[in-house]
Amino acid sequence: MEMNKYSFYKIFFVLIILTSCFLPIIHSNGYIIHETNCNINWMDDWLYRADIEITSTHDSTLVNYTLRIELTNLFNYSLAKTNGGDIRFTDHNDAQLPFWIEKWNENGNSTIWVLIPIIEPDTSYRIFMYYGNLFTLSIGRGDQVFRYFDDFENQGLGEEPEGWHIKQREWGSFEINSNSRIGDSSCYYIDNSTAGSCRFYKKFSENIIEKNLEFWIKPKYLSDSGILCYNDNNNSYIGGSTYFGHDTSVISHYDGSYHSLLSPFQAENWYFFSIQLVSINSYNQIIYDENGTLLVSANNLPYLGNPSKIDYFMNGGNTLSTMAFYIDAIRYRDYVSNEPIIEITDYQQIKSTNILPIFSGTFEILAIVVIGFLGATYLIKKTKKE
Numbered sequence: 464m465e466m467n468k469y470s471f472y473k474i475f476f477v478l479i480i481l482t483s484c485f486l487p488i489i490h491s492n493g494y495i496i497h498e499t500n501c502n503i504n505w506m507d508d509w510l511y512r513a514d515i516e517i518t519s520t521h522d523s524t525l526v527n528y529t530l531r532i533e534l535t536n537l538f539n540y541s542l543a544k545t546n547g548g549d550i551r552f553t554d555h556n557d558a559q560l561p562f563w564i565e566k567w568n569e570n571g572n573s574t575i576w577v578l579i580p581i582i583e584p585d586t587s588y589r590i591f592m593y594y595g596n597l598f599t600l601s602i603g604r605g606d607q608v609f610r611y612f613d614d615f616e617n618q619g620l621g622e623e624p625e626g627w628h629i630k631q632r633e634w635g636s637f638e639i640n641s642n643s644r645i646g647d648s649s650c651y652y653i654d655n656s657t658a659g660s661c662r663f664y665k666k667f668s669e670n671i672i673e674k675n676l677e678f679w680i681k682p683k684y685l686s687d688s689g690i691l692c693y694n695d696n697n698n699s700y701i702g703g704s705t706y707f708g709h710d711t712s713v714i715s716h717y718d719g720s721y722h723s724l725l726s727p728f729q730a731e732n733w734y735f736f737s738i739q740l741v742s743i744n745s746y747n748q749i750i751y752d753e754n755g756t757l758l759v760s761a762n763n764l765p766y767l768g769n770p771s772k773i774d775y776f777m778n779g780g781n782t783l784s785t786m787a788f789y790i791d792a793i794r795y796r797d798y799v800s801n802e803p804i805i806e807i808t809d810y811q812q813i814k815s816t817n818i819l820p821i822f823s824g825t826f827e828i829l830a831i832v833v834i835g836f837l838g839a840t841y842l843i844k845k846t847k848k849e
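First residue of the sequence shown? That's 464 in our numbering, and the numbers climb one at a time after it.
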């Protein structure tokens with residue numbers, strides 16, 4: 464049976480059409496892709512985006528509110544840069560939003576913080592997360608997202624951290640160190656004195672109502688000293704007294720009460736502290752270990768005194784013992800107990816193009832042409848033999 468060149472072309476184009484139906488599924492590693500018209504508010508040079516819906520349950524307007532976005536294994540990490548450096552966020556008006564990547568894990572969950580300019584009460588708000596641009600660099604910055612932020616990343620190792628101070632320098636020291644929880648550096652502080660407490664502090668000047676202070680901390684060794692306290696100018700304290708040594712299995716509070724930890728503090732382990740300043744009278748203190756296990760959640764704790772704001776972020780402890788710790792990724796943000804609900808409604812939309820609109824690049828086009836050509840050639844040769 465003879466087949467002319469027109470039969471070859473017919474087979475060729477049929478195979479192209481069939482291949483085009485399945486190749487996007489292969490390329491997406493089994494994830495579902497939705498095609499979207501590229502002319503509708505789409506960032507240039509980005510191939511993919513996810514739709515994120517924010518629903519407010521608060522009874523007042525939230526202004527410059529920082530939200531946490533959690534990515535799971537539903538997100539196709541293979542389509543983004545290995546460090547998440549091509550991630551971008553925009554609002555519904557196509558304006559870019561500040562963000563900071565706290566954790567990027569290609570094999571699991573990732574955490575990204577985004578600053579939302581305004582969230583009206585009892586409304587839904589949509590933003591977009593873009594990815595799929597291998598030729599761009601990361602622009603995420605924590606200092607553009609939080610009211611206060613310090614990850615100690617912009618100084619050389621061994622230098623003193625900018626904006627931080629020590630009282631009684633003869634008793635202690637601090638420096639930028641490579642032993643970090645996030646990024647490449649942290650701050651290492653040591654108090655060698657048994658004659659008094661060497662204060663390590665940062666002037667803060669922030670009000671306390673509906674705020675959240677969070678940080679990572681790692682005790683160098685266990686000693687009978689507190690790690691941090693929060694003080695304002697009328698000698699009031701916020702944040703409790705948490706000791707790495709006096710009793711490593713509890714956190715104590717200013718009213719004499721205490722809460723037991725799920726497991727005791729250990730030297731050389733990282734811990735995450737979240738202090739939620741829920742009102743003028745009380746706060747919540749939550750502690751996780753470095754694996755994300757909740758160690759304690761203590762609610763409605765009293766302040767010592769009547770603080771109106773935070774003037775200093777500082778250490779505190781027993782003056783008769785030495786102490787040392789690493790601290791990293793300090794952030795301070797607005798916080799309401801009924802935070803907005805976040806839902807990623809569509810993980811993977813693909814940008815449409817004028818040529819072969821369901822494909823994202825040259826590789827797919829060449830693959831389709833080669834498969835079509837080889838398939839048509841094989842079928843014609845097989846038919847001629849028969």
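Built from N, CA and C at the ideal position, the CB exists for glycine as well. None of the values given here were measured: they were computed from a predicted structure.
Next on the checklist: Taking its Cβ as the centre, do 16 or more other Cβ atoms sit within 10 Å of L740, making it buried, or is it exposed?
Outcome noted: Here L740 is buried, its C-beta having at least 16 other C-beta atoms within 10 Å.
Next on the checklist: Pull the bridge partners of E806 from the DSSP assignment, please.
Outcome noted: In DSSP, E806 forms a bridge with E516.
Checklist entry - Does the Cβ-Cβ distance between F728 and P770 come in under 9 angstroms? => result A distance of 9 angstroms or more separates the beta carbons of F728 and P770.
Checklist entry - Using 8 angstroms as the Cβ pair cut-off and three pairs as the minimum, do the stretch 790-803 and the stretch 524-531 touch? => result Between the stretch 790-803 and the stretch 524-531, the count of C-beta pairs closer than 8 angstroms reaches three or more; the two stretches touch.
Item to check | Residue from Y651, D654, R662 with nearest C-alpha to Y775 | outcome: Of Y651, D654, R662, the residue nearest in Cα terms is R662.
Checklist entry - Between Y857 and L767, which are expected to be in contact by the criterion C-beta below 8 angstroms, what is the C-beta distance as a whole number of angstroms? => result No statement about residue 857 is possible, as the shown extent of the chain runs from 464 to 849 and does not include it.
Checklist entry - For H628, which residues of its own chain have a beta-carbon under 7 angstroms away from its beta-carbon, when the five flanking residues on both sides are left out? => result Only Y664 meet the Cβ criterion.
Item to check | Beta bridge counterpart(s) of A761 as assigned by DSSP | outcome: Looking at the DSSP assignment, A761 forms a beta bridge with Q748.
Checklist entry - Hey, is the stretch 597-613 in contact with the stretch 753-763, meaning 3+ C-beta pairs nearer than 8 angstroms? => result When C-beta atoms of the stretch 597-613 are compared with those of the stretch 753-763, fewer than three pairs fall below 8 angstroms, so the two segments do not count as touching.
Next on the checklist: Using only the alpha-carbon positions, how far apart do I653 and Y684 sit?
Outcome noted: A straight-line Cα-Cα distance of about 10 angstroms links I653 and Y684.
Checklist entry - How long is the line joining the alpha carbons of N640 and S715, rounded to whole angstroms? => result Linking N640 to S715 through their CA atoms gives a straight-line distance of about 30 angstroms.
Next on the checklist: For the beta strand (DSSP E) containing H899, name the first residue and the last one.
Outcome noted: The structure shown does not extend to residue 899, since the chain is modelled only from 464 to 849, so the question has no answer here.
Item to check | Identity of the residue in Q748, K630, N504 nearest F736 by Cα | outcome: That would be Q748, whose Cα lies nearest to the Cα of F736.
Checklist entry - Apart from the five residues just before and just after L534, which ones in its own chain have a Cβ nearer than 6 angstroms to its Cβ? => result Hits under 6 angstroms: S573.
Checklist entry - Is it true that the CB of I532 sits closer than 9 angstroms to the CB of I582? => result Cβ atoms of I582 and I532: not closer than 9 angstroms.
Checklist entry - From the DSSP output, which residues share a beta bridge with I602? => result According to DSSP, which records beta bridges pairwise, I602 is partnered with nothing at all.
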